[in-house]
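The sequence shown runs contiguously to residue 474 in my numbering. Reviewing the structure listed below.
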Amino acid sequence: MAGQDFRQKSYWLTTREYEPGDRLNETVKVDIAVIGGGFTGLSSAYHIKKQEPSLDVALLESEVIGFGASGRNGGFSMTKIGLMLGLTALRFGKEKSKQAHGYAEKAVDYTKELIESLNIDCDYEHSGFLWVATSEKFKKRLHKEYEFISNLGIEGIELIDESNLRNRVNSPLYVGGAWWEPRSGILNPAKLAWGWKDVIVGQGVQVYENSPVIEIKKEKGRFRLLTENGEVMADKVILAANAWSHFFGKVKFKQTPVWSYIVMTEPLSEKHFAEIGWKGRESIEDFRDLVHYYRLTNDNRLVFGGRDVSLSWGKNMDKDLDENIFQKLKDDVQKTFPPLKGINFTHQWGGPVSATLDLFPAMGYAGDKNFIYSLGCVGHGVSLTQLNGRLLADLALEQKSELTGMFFVNRKTVPMPPEPFKRMALQGIVSFMRWEDRTYDVLK
Ligand SMILES: Cc1cc2nc3c(=O)[nH]c(=O)nc-3n(C[C@H](O)[C@H](O)[C@H](O)COP(=O)(O)OP(=O)(O)OC[C@H]3O[C@@H](n4cnc5c(N)ncnc54)[C@H](O)[C@@H]3O)c2cc1C
Numbered sequence: 031m032a033g034q035d036f037r038q039k040s041y042w043l044t045t046r047e048y049e050p051g052d053r054l055n056e057t058v059k060v061d062i063a064v065i066g067g068g069f070t071g072l073s074s075a076y077h078i079k080k081q082e083p084s085l086d087v088a089l090l091e092s093e094v095i096g097f098g099a100s101g102r103n104g105g106f107s108m109t110k111i112g113l114m115l116g117l118t119a120l121r122f123g124k125e126k127s128k129q130a131h132g133y134a135e136k137a138v139d140y141t142k143e144l145i146e147s148l149n150i151d152c153d154y155e156h157s158g159f160l161w162v163a164t165s166e167k168f169k170k171r172l173h174k175e176y177e178f179i180s181n182l183g184i185e186g187i188e189l190i191d192e193s194n195l196r197n198r199v200n201s202p203l204y205v206g207g208a209w210w211e212p213r214s215g216i217l218n219p220a221k222l223a224w225g226w227k228d229v230i231v232g233q234g235v236q237v238y239e240n241s242p243v244i245e246i247k248k249e250k251g252r253f254r255l256l257t258e259n260g261e262v263m264a265d266k267v268i269l270a271a272n273a274w275s276h277f278f279g280k281v282k283f284k285q286t287p288v289w290s291y292i293v294m295t296e297p298l299s300e301k302h303f304a305e306i307g308w309k310g311r312e313s314i315e316d317f318r319d320l321v322h323y324y325r326l327t328n329d330n331r332l333v334f335g336g337r338d339v340s341l342s343w344g345k346n347m348d349k350d351l352d353e354n355i356f357q358k359l360k361d362d363v364q365k366t367f368p369p370l371k372g373i374n375f376t377h378q379w380g381g382p383v384s385a386t387l388d389l390f391p392a393m394g395y396a397g398d399k400n401f402i403y404s405l406g407c408v409g410h411g412v413s414l415t416q417l418n419g420r421l422l423a424d425l426a427l428e429q430k431s432e433l434t435g436m437f438f439v440n441r442k443t444v445p446m447p448p449e450p451f452k453r454m455a456l457q458g459i460v461s462f463m464r465w466e467d468r469t470y471d472v473l474k
């Protein structure tokens with residue numbers, strides 16, 4: 031339903047003035063219509079116009095640009111794609127696992143390049159990534175996975191020892207050293223989404239907000255996208271609705287929404303930093319199945335997310351708040367950084383990511399070459415979606431490229447089973463992850 035108060039949806043969505051654009055109140059004819067105003071839709075529209083400026087492109091967003099995961103995430107531009115590469119190799123083989131990592135590295139570099147070349151003010155910091163272990167069992171996992179990626183010939187990640195880690199960031203929970211990946215960065219995602227909007231409007235893309243697509247019809251070879259007060263006629267459609275994709279028949283069984291949650295503190299003081307360190311302002315993630323992820327904002331607030339997820343069934347998308355998970359995250363903050371005992375938490379929020387059954391992204395043509403979709407980046411889409419947009423533009427323009435040749439383009443996804451089997455399968459997967467984390471971790 032359009033008209034929700036977007037400022038309530040995350041801290042990031044309060045950090046800049048933003049005036050939503052017009053609703054769609056008429057019939058518009060374009061060459062390509064994009065559904066969804068997150069990073070995927072924005073980047074797709076940009077790359078189409080960049081390659082073919084003469085094409086008419088319209089982008090329709092249910093609420094406001096950045097309303098979905100793109101305006102609510104942790105803001106980590108990171109190389110993770112799917113789950114751990116060892117698991118990706120079990121699913122797709124070693125060579126494809128390496129290709130996937132290469133794609134994710136390219137996405138991270140490309141995100142920085144886009145932000146710089148388009149001059150998007152989104153507080154980007156090139157501060158690198160630390161992957162830490164919080165128990166002996168996770169330390170073993172970290173080393174095993176490191177050996178695996180080294181054997182694959184992946185070079186951008188190095189193993190640092192415990193004293194190096196503690197010189198950077200000090201937590202009593204850390205066991206052993208860490209992975210260090212200098213390539214990654216952090217950013218303010220809402221500012222990036224809104225900056226993107228300025229760029230594509232400047233290119234001539236017609237952007238309509240508070241204009242949910244409620245039905246797609248096909249008439250005489252063209253698509254009719256109906257909104258409450260208007261319609262868009264288009265030759266081609268790019269569906270970039272991410273966690274809402276199951277509302278669209280063509281890709282209904284390809285993904286399901288999964289919610290991730292974040293809590294945020296007031297700015298840390300000099301005294302806090304004196305005890306914790308963290309002068310390098312690195313992104314940090316642990317080695318759990320349901321990871322914790324944390325970072326600092328540009329005014330030194332701690333953004334701390336993950337730990338658990340929630341699921342929904344049918345058409346229910348009302349899962350943005352979960353007091354139980356918020357409380358556990360707050361407890362975990364104190365355990366991770368005891369000097370923060372008593373600190374105030376100023377914000378908490380959640381948002382839906384899109385998950386396929388094998389937790390790996392999927393994109394390609396649905397039905398024919400005129401309907402293109404992208405989904406399934408789970409909690410790792412900040413940079414992937416920027417490059418995916420270029421890939422989707424290639425698909426829309428029917429241009430073969432290095433990107434469209436990636437093995438996950440037009441891949442066969444494992445369909446979500448019908449209810450009640452879907453519920454049983456998803457609850458089974460999440461319960462297993464929770465059980466493994468409880469068994470492995472000191473954070474129960
Ligand atoms: C709490 C949280 C933390 C995360 N942290 C990270 C992180 O640190 N790093 C990382 O890499 N990834 C992270 N992610 C994942 C990342 O945010 C997503 O992968 C990425 O933003 C997906 O972008 P998108 O454009 O595909 O989808 P979205 O940003 O979700 O955009 C989809 C848009 O489609 C719109 N829409 C839906 N239905 C319709 C309709 N019928 N008509 C018109 N519009 C419609 C929605 O309103 C929405 O704005 C996180 C996600 C969450 C929720």
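Quick reminder that beta carbons are idealized off the backbone N, C-alpha and C, glycines included.
Taking a 10 Å sphere around the C-beta of Lys39, we find 16 or more other C-beta atoms and assign the residue as buried. It is roughly 37 Å from the alpha-carbon of Pro83 to the alpha-carbon of Ser313.
If you check the CB distance, Lys284 and Thr443 come in under 8 Å. The beta carbon of Trp209 sits closer than 6 Å to the beta carbons of Trp161, Ile187 from its chain, once the five residues preceding and following it are set aside; these are given in chain order. Straight through space, the alpha carbons of Phe401 and Gly394 are spaced by roughly 8 Å. Linking Gly344 to Trp274 through their CA atoms gives a straight-line distance of about 11 Å. In this structure, ligand 1 has a non-hydrogen atom nearer than 7 Å to the beta-carbon of Met108. Of the candidates Pro219, Leu351, Lys266, Arg441, the residue whose Cα lies closest to the Cα of Lys250 is Lys266. Along the region 213–264, the alpha helix (DSSP H) occurs as fully enclosed runs of 4 or more residues at 219–233, listed in sequence order. Taking Val339 as reference, the option from Gly96, Ile78, Asp329, Val321 with the minimal CA-CA separation is Val321.
Looking at the backbone, the Cα of Lys309 and that of Gly116 are separated by about 32 Å.
For Ile268, the shortest separation between its Cβ and any heavy atom of ligand 1 does not lie below 7 Å.
For Glu155, the pairing in a beta bridge is given by DSSP as Ile216. Cβ contact annotation for Gly409 (same chain, cutoff 6 Å, sequence separation greater than five): Ser290, Val383, in chain order.
Relative to ligand 1, even the nearest heavy atom lies 7 Å or more away from the CB of Ile355. Under the 8 Å Cβ criterion, the region 130–150 counts as touching the region 205–225, having at least three qualifying pairs.
In this structure the region 315–335 lies against the region 359–377, because at least three pairs of beta carbons, one per stretch, are closer than 8 Å. For Arg325, the pairing in a beta bridge is given by DSSP as Val333.
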